[in-house]
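Student: Attaching a single structure in structure tokens format; questions to follow.
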Amino acid sequence: MPRFKPTNREQGIMIPISYEKQITIGTFEHTIDYLVENNIKMGIFEARYKNDDTGATAYSPKVLLKIVLLAYSRGIMTSREIEKACQENTVFMALSGGQAPDFTTIAHFVSSMKEEIGLIFLEILLTCSELDLLGGTEFAIDGCKMSSNASKEWSGTFTDLKKKKEKLEETIKFLIEKHNEADINHKKPDNDEEKRRKKQIERIEKKAKKIEKFLHENEPKINKKRKRENQSNITDNESAKMKTSHGVIQGYNGMAIADSKHQVIVKAESFGSGQEHELLQPMIEGAKNNAKGIGLGERYFKEKRMIGDTGYYSIENLKYLSEEKIDGYIPDQKFRQRDPRFKDRGRHRPNKKKLYIAEEFKYRKETDNFKCPEGNILEYKHKKKVYNTSGKVYYAREEDCTKCKQRGKCLLKDDTKKRTLYITDEYSGSNYTEEMKAKKAAIAEELDNIASGLEADGLPVVALAIDKISDFLAPAKE
């Protein structure tokens, strides 16, 4: 039988701890401590306090800012968890100098620094600039959808919310009538049933009053661009419903623009909108203001490269980047469809319709009309302008499309009556989409040239890697 050293978990010991030695140079906590002590002006916080001569002493805003920044960096988000960390974690103890602020103090500090957080961010950004951590040549923008502490069931237009309130009131009326009916029929009351019904009525009344109060104190959220009402949320009206890879959530779209040199974020903000293409311009404008605030100038992003994914693509955004002289790289939504390497991408999705594209319609110059793949004619009807393009619109006959056996290959929706074609024949100003395609092709060609040179120098492995990048960037050859 082997023998082991005994353990005693009830044994208490005294461990000597030096707070100074817990903050090791080169660690994240040391950086926080250094920046708060030397680079961040705390006067914006100290102006709040009025206890110079009388009143109790307060926790230093330096201490509160240090522990909050460290907590967020470790994924500790709630005030109660931060308070607990200050009581149990030696690093938090060291940063706070042995102080353990109450969670209410921490919560009040965080909720009251909406104005100051922007100034703190600028001072940190200025420090990064002084340390040459900003490359200033290439930037990337991306976002992440985050759930808010609000239920999407409390969302809706003002009309939807009014209907929900009326439905709750009808439920209350039904329960009261049921109660009165029992009294008329002289049924012996069940105390437990009576208490349950009473609580149910109180709970529904509370919900109805909550909706009524919200409707009285707020205005509908009108989307001026789309000319329709956006959904409001009773619990958190700044949040919005948005689609994610995990379904629809009620929350915010957290956006960031990062410098490529050391991935330093130069602008960050959350929006109550899931439409990323609507957020590119306000994000860049915010980044320009930050650059101006730290002395880099109003035109800091001029001639700089800005990279974004397909979600940021729109004609308005490409035009904005062009006018701002920003070298933007944002692919359109159909860039993979033009790439032959993705031709079989949708073959395992049998429910997705593969529709006839414009190139499959044959133009007949002598009669100025088109013949569809099934032999029906689309006649010219009128001219139309779309963004910075103008062109002709051609319509098929409704009776031809109704009896066509291949209408499922031509019309996206079953209730669409007839097929139309918009053929562009003129551009006013720049063709931003084609310019973006050309820029992408130029980079692909440049990478091909680099790869060829490396192969000649005997570096086939590196050449292969760059060649893969080139293939990804190259558009499909017509």
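Residue numbers (the numbering used here): 310 to 787. Idealized CB from N, CA, C, for every residue including glycine.
Please name the residue, chosen from Tyr358, Gly604, Gln584 and Glu511, that lies closest to Arg535 on a Cα-to-Cα basis.
Tutor: Nearest option by C-alpha distance: Gln584.
Student: Output yes or no for whether 8 Å exceeds the beta carbon distance between Ser579 and Gly556.
Tutor: No.
Student: I'd like the span of the alpha helix (DSSP H) that includes Met592, first residue to last.
Tutor: That run of the alpha helix (DSSP H) goes Leu589 to Gly602.
Student: Starting from Leu721 and walking both ways along the beta strand (DSSP E), at which residues does that stretch end?
Tutor: Element bounds for Leu721: n/a, residue is neither H nor E.
Student: State the DSSP-derived secondary structure class of Leu627, mapped to helix, strand or coil.
Tutor: Helix, per DSSP.
Student: Distance check for Val400 and Met323, CA to CA, integer angstroms please.
Tutor: Taking the straight line joining both Cα atoms gives about 18 Å.
Student: Between Lys671 and the rest of its own chain, which residues show a CB-CB distance below 6 Å, the 5 nearest in sequence each way excluded?
Tutor: Cβ within range, chain order: Lys680.
Student: Let me confirm a value: Ile666 is counted as buried when at least 16 other C-beta atoms fall within 10 Å, else exposed. Which label applies?
Tutor: By the 10 Å Cβ count, Ile666 comes out exposed.
Student: Quick check on the burial criterion: 16 or more other C-beta atoms within 10 angstroms. Buried or exposed for Tyr621?
Tutor: It is buried - the Cβ of Tyr621 has at least 16 other Cβ atoms within 10 Å.
Student: If you follow the alpha helix (DSSP H) that Thr436 is in, where does it begin and where does it stop?
Tutor: Per DSSP, Thr436 belongs to the alpha helix (DSSP H) from Glu425 to Glu439.
Student: Looking only at DSSP bridge pairs, what is His691 linked to?
Tutor: DSSP lists Val702 as partners of His691.
Student: Is it buried or exposed, Gln559, if we count other Cβ atoms within 10 angstroms and call 16 or more buried?
Tutor: Buried, by the Cβ-count rule.
Student: Does the separation of the CB atoms of Tyr741 and Lys643 fall below 8 Å?
Tutor: Taking 8 Å as the Cβ cut-off, Tyr741 and Lys643 do not qualify as a contacting pair.
Student: Is the separation between the beta-carbon of Glu338 and that of Leu404 shorter than 8 Å?
Tutor: Against a cut-off of 8 Å, the Cβ pair of Leu404 and Glu338 comes out as a contact.
Student: Under the assumption that Glu707 contacts Lys726 (Cβ atoms under 8 Å), give the Cβ distance between them as a whole number of angstroms.
Tutor: Yes, they are in contact, since the Cβ atoms of Glu707 and Lys726 sit about 5 Å apart, within 8 Å.
Student: Answer yes or no: do Ile566 and Glu432 have a C-beta to C-beta separation smaller than 8 Å?
Tutor: Contact: no.
Student: Got a sec? Which residues, its chain only, sit under 8 Å from Ile332 by beta carbon, not counting five neighbours each side?
Tutor: If we look at Ile332 and ignore the five residues flanking it on each side, its Cβ neighbours are Glu338, His339, Asp342, Val400, Ala403 and Leu404.
Student: Which value, in whole angstroms, describes the spacing of the CA atoms of His657 and Lys663?
Tutor: Bear in mind that a pLDDT of 45 at His657, under 50, signals an unreliable position, so the number given afterwards is only what the model happens to contain. Going from the Cα of His657 to the Cα of Lys663 covers about 12 Å.
Student: Could you pull out every unbroken alpha helix (DSSP H) segment of at least 4 residues lying fully inside the segment 386-423, listed in chain order?
Tutor: Correct list: 388-397, 399-405 and 412-420.
Student: Flag this pair as yes or no: are the beta carbons of Gly602 and Lys576 separated by less than 8 Å?
Tutor: No.
Student: Quick check: the segment 464-475 against the segment 530-547, are at least 3 beta-carbon pairs closer than 8 Å?
Tutor: With a cut-off of 8 Å, the segment 464-475 and the segment 530-547 count as touching, because enough Cβ pairs lie within range.
Student: Kindly identify the DSSP beta-bridge partner or partners of Met564.
Tutor: According to DSSP, Met564 bridges with Gly452 and Glu578.
Student: CB Thr733 to CB Tyr703, shorter than 8 Å?
Tutor: In this structure, Tyr703 does not lie closer than 8 Å to Thr733 by Cβ.
Student: Please identify the residue among Ile426, Ile334, Leu379 and Phe418 whose C-alpha is closest to the C-alpha of Ala367.
Tutor: Ranking the options by Cα distance to Ala367, first place goes to Phe418.
Student: Taking the alpha helix (DSSP H) that Ile376 belongs to, which residues open and close that run?
Tutor: Pro370 to Ser382 is the span of the alpha helix (DSSP H), which, as asked, contains Ile376.
Student: I need the boundaries of the alpha helix (DSSP H) containing Asp709, first residue and last residue.
Tutor: Residues Glu707 to Lys712.
Student: Is the separation between the beta-carbon of Ile520 and that of Leu470 shorter than 8 Å?
Tutor: Yes, they are a contact pair.
Student: Closer than 8 Å by C-beta to Phe448: which residues in its own chain qualify, once you throw out the five before and the five after it? Chain order, please.
Tutor: So the list reads Ile566, Ala567, Asp568, Ser569, Val575, Ala596, Phe610, Lys613, Arg614, Met615 and Ile616, once near-sequence residues are dropped.
Student: Measure the beta-carbon distance from Val372 to Ile415 and round it to whole angstroms, keeping in mind my assumption that it falls under 8 Å.
Tutor: At roughly 10 Å, the Cβ-Cβ gap does not stay under 8 Å, so Val372 and Ile415 are not in contact.
Student: So, helix, strand or coil for Glu804, using DSSP?
Tutor: Because the chain spans 310 through 787 in this model, residue 804 falls outside it and cannot be assessed.
Student: Considering only residues of the segment 504-559, which uninterrupted beta strand (DSSP E) runs meet the minimum length of 3 residues and lie entirely inside it, listed in chain order?
Tutor: You should have 530-532, 537-539 and 549-553.
Student: For Thr553, tell me which candidate among Gly452, Pro311, Ile686 and Lys690 has the shortest Cα-Cα distance.
Tutor: Nearest option by C-alpha distance: Gly452.
Student: For the candidate residues Lys476, Lys507 and Glu397, whose alpha-carbon lies nearest to that of Asn489?
Tutor: Minimum Cα distance to Asn489 is reached at Lys507.
Student: In chain order, what residues of the same chain have a beta carbon less than 6 Å from the beta carbon of Tyr638, not counting five sequence neighbours either side?
Tutor: Excluding residues within five positions, the ones whose Cβ falls inside 6 Å are Ile616.
Student: Would you tell me roughly how many angstroms separate the C-alpha atoms of Ile795 and Ala600, rounded to the nearest one?
Tutor: Examination of residue 795 is not possible in this model, given that the chain is present from 310 through 787 alone.
Student: Apart from the five residues on each side of it in sequence, which residues of its chain come closer than 6 Å, Cβ to Cβ, to Pro370?
Tutor: Taken in chain order, the residues that qualify are Met351 and Phe354.
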